[in-house]
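Taken in order, these protein sequences are the chains called A and B. Residue numbering for the first sequence follows the numbering used here, starting at 47 and increasing by one per position. Residue numbering for the second sequence follows the numbering used here, starting at 194 and increasing by one per position.
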Amino acid sequence: MALPEEDVHMIIKQVLDETVGANATYTHKDSVQWNQKAVEQITKKLVAAGKPYKYVVTSSFLQISSGSGLNVSTISYWNKITDSSYMYRWEAKTMLAIVYVFAIAI
Amino acid sequence: MNMEDNVDRNFVLRPTPGQKFRPKAITGIIQEVMNEKLGDMIKYDENEADQASKDISSTIRERLKALNLPRYKYIVQTMIAEQSGSGATTAVQCVWDEDCDGFLSHRYVNGSIWCEVLVFAVFHY
């Protein structure tokens, strides 16, 4: 069985709290590094759960400025009984992280 | 072609060379879809962006399905944001079979919006 949603959310939250922290200020250079580190940690933890899945993790960090709009949509073509997707939205003072995890059964 | 054909092709471990997902060959399709759907989006509008991103994702998915690559699963993610000078980065990491799975990203930018599409193709054994 796939990982329960709460577990995945917990992993993502933990990793982002650790690598970025709620009080971080957005700078482009930092965000690229944080982002790479974050996806790496998230994938590592997912794999450590030892489930027979392939994983795709995408994470977008966005600077929050006055009222700029954003829209994300995902669509997949797969077996919805075995495969699953997770979305988590994480916010700090000046930035927003949107993390998607896709688990595809092997 | 669909996933149900695994009955008679039960032990397929690799796509044949002609049936492999090749990101470079798909770039054109994605570019075309994005140009078509975003060409007349001069101003960012919440509802319009919502509609457009869904539209782009599903159109690309249909186009990918039409390629008739057996046993491939697809994930399409579309992000549309207002061009307001705020920073954004995207990072991707995958745990999969490098040999037969593929990934591709494409960005479209104009004066008022930017749009990024990520496409993943995963081979199902």
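The C-beta atom is built at its ideal place from N, Cα and C for all residues, glycine as well. Please read all numbers here as calculations on a predicted model, not as lab measurements.
Could you check which residue in A:Tyr99, A:Thr73 and A:Ser122 has the C-alpha nearest to that of lysine 139 (chain A)?
-> In the first sequence, the residue the question calls residue 139 (chain A) occupies position 93. Checking every option, the nearest Cα to that of lysine 139 (chain A) belongs to A:Thr73.
Where the beta strand (DSSP E) through glutamine 270 (chain B) begins and ends = As a working note, residue 270 (chain B) is residue 77 in the second sequence. Where glutamine 270 (chain B) is concerned, the enclosing beta strand (DSSP E) stretches over 265 to 275.
Chain A beta carbons: is any one of them nearer than 8 Å to that of tyrosine 318 (chain B)?
-> Here residue 318 (chain B) is taken as the residue at index 125 of the second sequence, counted from 1. Yes - at least one Cβ of chain A is within 8 Å of the one on tyrosine 318 (chain B).
Examine chain B for any beta-carbon lying closer than 8 Å to the beta-carbon of glutamate 51 (chain A), and answer yes or no.
-> Counted from its first residue, the first sequence places residue 51 (chain A) at position 5. Answer no: the Cβ-Cβ gap between glutamate 51 (chain A) and chain B never drops below 8 Å.
Show which residues of chain B have a CB atom less than 7 Å away from the CB atom of leucine 62 (chain A).
-> Here the question's residue 62 (chain A) lines up with position 16 in the first sequence. Here the premise fails: no neighbours, minimum Cβ distance about 12 Å.
Determine the extent of the beta strand (DSSP E) in which tryptophan 80 (chain A) is found, giving its start and end residues.
-> As a first step, residue 80 (chain A) must be located in the first sequence, where it is residue number 34. No beta strand (DSSP E) holds tryptophan 80 (chain A); the alpha helix (DSSP H) holding it covers 74 to 94.
For isoleucine 235 (chain B), which residues does DSSP report across the bridge?
-> As a first step, residue 235 (chain B) must be located in the second sequence, where it is residue number 42. According to DSSP, which records beta bridges pairwise, isoleucine 235 (chain B) is partnered with nothing at all.
Comparing alpha-carbon positions, which option in A:Thr71, A:Tyr99, A:Ala95 and A:Gly67 lies nearest threonine 128 (chain A)?
-> Here residue 128 (chain A) refers to the residue found at position 82 of the first sequence. The residue with the shortest Cα to Cα distance from threonine 128 (chain A) is A:Tyr99.
If you run the structure through DSSP and keep just helix, strand and coil, what is alanine 259 (chain B)?
-> On the second sequence, residue 259 (chain B) is found 66 positions in, with the first residue counted as 1. Helix.
Nearest residue (CA-CA) to methionine 272 (chain B), options A:Thr120, A:Trp124, A:Asn125 and A:Lys126 | Numbered from its first residue, the second sequence carries residue 272 (chain B) at position 79. Nearest C-alpha to methionine 272 (chain B): A:Thr120.
Hey, quick one: how far does the beta strand (DSSP E) through threonine 65 (chain A) stretch, first residue to last?
-> Within the first sequence, residue 65 (chain A) is the residue found at index 19, counting from 1. Following the DSSP letters along the chain, one finds threonine 65 (chain A) in no beta strand (DSSP E) but inside the alpha helix (DSSP H) bounded by residues 51 to 65.
Whose C-alpha, out of B:Asp248, B:Gln276 and B:Ala284, is nearest the C-alpha of serine 122 (chain A)?
-> Here the question's residue 122 (chain A) lines up with position 76 in the first sequence. Closest by alpha carbon: B:Asp248.
Do valine 310 (chain B) and histidine 317 (chain B) have their C-beta atoms closer together than 8 Å?
-> By 1-based counting over the second sequence, the position of residue 310 (chain B) is 117. By 1-based counting over the second sequence, the position of residue 317 (chain B) is 124. Not closer than 8 Å, so no.
What first and last residue would you give for the beta strand (DSSP E) that runs through alanine 138 (chain A)?
-> In the first sequence, residue 138 (chain A) corresponds to position 92, counting from 1. Note, alanine 138 (chain A): premise wrong, no beta strand (DSSP E); not H, not E.
Interface flag, tyrosine 146 (chain A) vs chain B, CB-CB below 8 Å | The residue labelled residue 146 (chain A) in the question sits at position 100 within the first sequence. True, the Cβ-Cβ gap to chain B drops below 8 Å.
Report yes if the CB atom of isoleucine 88 (chain A) is closer than 8 Å to the CB atom of valine 102 (chain A), and no otherwise.
-> The residue labelled residue 88 (chain A) in the question sits at position 42 within the first sequence. The residue labelled residue 102 (chain A) in the question sits at position 56 within the first sequence. No, they are not a contact pair.
Beta strand (DSSP E) containing cysteine 308 (chain B): first to last residue?
-> If you number the second sequence from 1, residue 308 (chain B) lands on position 115. Cysteine 308 (chain B) -> beta strand (DSSP E) spans 306 to 316.
Can you tell me which of B:Ile306, B:Glu239, B:Phe313 and B:Tyr301 puts its alpha carbon nearest to the alpha carbon of asparagine 228 (chain B)?
-> Here residue 228 (chain B) is taken as the residue at index 35 of the second sequence, counted from 1. When only C-alpha atoms are compared, the closest one is B:Tyr301.
Counterpart residues of glutamine 244 (chain B) in DSSP-defined beta bridges | Along the second sequence, read from residue 1 onward, the residue named residue 244 (chain B) stands at position 51. Its beta-bridge partners do not exist; DSSP assigns none.
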